[in-house]
Structure formats: C-alpha cells, structure tokens
Amino acid sequence: MERLQKVIAASGITSRRKAEELILEGKVKVNNKIVRELGTKVSANDIILVNGVMIDKNNIKKYFLLNKPRGVISSVSDDKKRNTVIDYIDTEVRIFPIGRLDYDTTGLIILTNDGTLANIITHPKNNVSKTYIAKIEGILNKNDIEKLKTGLVIDGKKVVVKNFKVKNINREKQTSLIEITINEGRNHIVKKIFAKLGYSVIRLTRTKIDFLELCKLKSGEYRELSIKEVKKLYSLKTNIK
Ligand code: URA
Numbered sequence: 394m395e396r397l398q399k400v401i402a403a404s405g406i407t408s409r410r411k412a413e414e415l416i417l418e419g420k421v422k423v424n425n426k427i428v429r430e431l432g433t434k435v436s437a438n439d440i441i442l443v444n445g446v447m448i449d450k451n452n453i454k455k456y457f458l459l460n461k462p463r464g465v466i467s468s469v470s471d472d473k474k475r476n477t478v479i480d481y482i483d484t485e486v487r488i489f490p491i492g493r494l495d496y497d498t499t500g501l502i503i504l505t506n507d508g509t510l511a512n513i514i515t516h517p518k519n520n521v522s523k524t525y526i527a528k529i530e531g532i533l534n535k536n537d538i539e540k541l542k543t544g545l546v547i548d549g550k551k552v553v554v555k556n557f558k559v560k561n562i563n564r565e566k567q568t569s570l571i572e573i574t575i576n577e578g579r580n581h582i583v584k585k586i587f588a589k590l591g592y593s594v595i596r597l598t599r600t601k602i603d604f605l606e607l608c609k610l611k612s613g614e615y616r617e618l619s620i621k622e623v624k625k626l627y628s629l630k631t632n633i634k
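Just so we're aligned, residue 394 is where the sequence shown starts under the numbering used here, counting upward by one.
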C-alpha cells in the first residue's frame, strides 16, 4: 500500500505537490469514488482516475537501493533456484538490477523498472563512478601502485582507476584492504584488475555508486531512492556524443 499522492506523482503525470492539490480539489477518484484525504493508501489493484484519466500503473517508476548480501544472484531469476536480489524487495512492480555484482560480492545495487535510468548509469560515456572496498591476498608494491595510477589494460581495453587508497595492511596475515573507484561496469572488473597485478580478491564490497552511499543500510536491507536522488542520477547523463 502506498500513499495516493505518491502513486500519482510516481506515474509521471505531475509532481507530488500538484497531486496533493488535485486530491484536495476533488479531482482524484479511487475505484470510482472521489477521495480528498491526503493520507489515503492505495494498492496495485485500485483504479485511480486523475481528472477522469486513468493512471497507467506500468508507467510508475520505482527505484530501490539494496545492500546485496553475499551468495545472492544479481538477476531477476535463477535457474538453479538461488536467491536473487529481487527476492529482497517488497514490491508489486517488475524491477531489475542495474548492472551486476558477483554472487560473492556484497554492497550497493540499484533496482528499478526504469530502463532509461539503467542506460544512463551503465553507459560508459556517462562515467558514473563506483567505489569498492577489496580485501586482497598480499600487499601492493610500488610497481603495482604505479600501474594502478597509470591504468591497466584488461581484456584488450584500458581501465582507468579514478582513485584508490590502501586503507589497511595486515602484515601478519599478508592481506590488504584497498578502496578503489572506477567508472566502468565490466563484469568482474575489480577482480580482474587485482588478478592482473597478481593478487586475488578475498572479499569485495561496493560502497558507493557515484553520490549514493551504503550509510545505514545493513546487509539485505533496502530503501527507496528519493525523487531528488533520482533527478541527480538523471543529471549524470552527459551530452557528449
Ligand atoms: N568487480 C568485480 O570483480 N566484481 C563485482 O561484483 C563488481 C565489480
């Protein structure tokens, strides 16, 4: 169940403020009855008319930010019946994940039914940055750091590392924690970067997608993106052809 004005605004026909005005003016009907209560909750089965025009529920866009747990598939279904990211989101809308995180990678993933936004986030020309914390086996040497700074060629294509930081070194266990920011979304790209340098990744978490951060989301928890956040994501589209 969702608030009526939120559903109207999400359908894209008007803003939430304008939707509230329309409700108060008696211009909104739910299941053929005029509704003037702003707090009214509606479900996917309710028929909503605004100024006599039915809201197209297929047009309602939803955006979720999930902290993906380990051992979960980043797709809408799995033929081996493993848990998918969709199983974590309580919605009647048919959503899909934007990009993918490996089965054993944890952290931020956006789920939506908005294909336009998915294209903006995944298209390489938009340079949407993603930040990961990788626990690697070993300790980077000067040569590795130089290679990370100048960029590496992975599968015949250069990958630019926007930023990286050695967050922690455990000399006893010979492991390191590295924060790495890249602009691209090729599959297994972080693991491939470290493999190229000769290190295996023991644990990987995506902590940021551009300005979106994990913050208080615990493993398996999600929240909806605000309209402001969605607009900001849309603004990442570059007009360079
Ligand atoms: N890079 C990887 O290697 N794995 C992920 O899941 C995401 C980025």
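Yeah, the Cβ is synthetic: ideal placement off N, Cα and C, and Gly gets one too.
Keep in mind the model is a prediction, meaning the values are calculated, not measured.
For residue i, which three-state DSSP category applies?
{"i": "I575", "result": "strand"}
{"i": "P462", "result": "coil"}
{"i": "K434", "result": "strand"}
{"i": "G508", "result": "helix"}
{"i": "T543", "result": "helix"}
{"i": "E622", "result": "helix"}
{"i": "K454", "result": "coil"}
Have a look at the options and flag the residue whose alpha-carbon is nearest the alpha-carbon of residue i.
{"i": "L607", "options": "S408, R396, T499 and S467", "result": "T499"}
{"i": "G405", "options": "L545, T631, P517 and V443", "result": "V443"}
{"i": "A437", "options": "G544, V521, V423 and I514", "result": "V423"}
{"i": "I440", "options": "I502, V421 and R429", "result": "V421"}
{"i": "F587", "options": "T631, F457 and E530", "result": "E530"}
{"i": "G464", "options": "K473, I538 and K555", "result": "K473"}
{"i": "V552", "options": "K584, K560 and A527", "result": "K584"}
{"i": "K558", "options": "I502, V400 and A527", "result": "A527"}
{"i": "Q604", "options": "N520, K611 and D537", "result": "Looking at the sequence shown, residue 604 is not Gln but Phe. Comparing Cα-Cα distances from F604 to each of N520, K611 and D537, the minimum goes to N520."}
{"i": "S576", "options": "I602, K621 and V594", "result": "As written in the sequence, residue 576 is Asn, which differs from the Ser given in the question. Considering only alpha carbons, the answer is I602."}
{"i": "L510", "options": "N534, F457 and E414", "result": "F457"}
{"i": "D548", "options": "R579, A412 and K461", "result": "R579"}
{"i": "P517", "options": "A402, D483, T631 and V400", "result": "T631"}
{"i": "L570", "options": "I582, K589, S593 and K550", "result": "S593"}
{"i": "G432", "options": "S522, V400 and I562", "result": "V400"}
Output the boundary residues of the beta strand (DSSP E) element that contains residue i.
{"i": "T600", "result": "V594 to I602"}
{"i": "K609", "result": "Where K609 is concerned, there is no enclosing beta strand (DSSP E), given that its DSSP letter is neither H nor E."}
{"i": "I562", "result": "V554 to N563"}
{"i": "K422", "result": "V421 to V423"}
So the alpha helix (DSSP H) residue i belongs to, where does it begin and stop?
{"i": "E414", "result": "R409 to L417"}
{"i": "Y481", "result": "No alpha helix (DSSP H) holds Y481; DSSP gives it neither H nor E."}
{"i": "K585", "result": "I582 to L590"}
{"i": "L494", "result": "Here L494 belongs to no alpha helix (DSSP H), and DSSP marks it neither H nor E."}
{"i": "G401", "result": "Rather than Gly, the amino acid found at residue 401 in this sequence is Ile. L397 to A403 is the span of the alpha helix (DSSP H), which, as asked, contains I401."}
{"i": "I338", "result": "Given that the chain is displayed from residue 394 to residue 634, the structure contains no residue 338 and the question cannot be resolved."}
Could you name the residues whose beta carbon sits closer than 6 Å to any heavy atom belonging to the ligand URA, keeping them in chain order? Near the ligand URA, meaning a Cβ closer than 6 Å to any of its heavy atoms, lie the following residues in chain order: L494, D495, T498, H581, I582, V583, K584 and L597.
Every unbroken beta strand (DSSP E) inside the segment 513 to 537 [3 residues or more]: Taking only runs of at least 3 residues, the beta strand (DSSP E) segments lying wholly in the segment 513 to 537 are 523 to 530.
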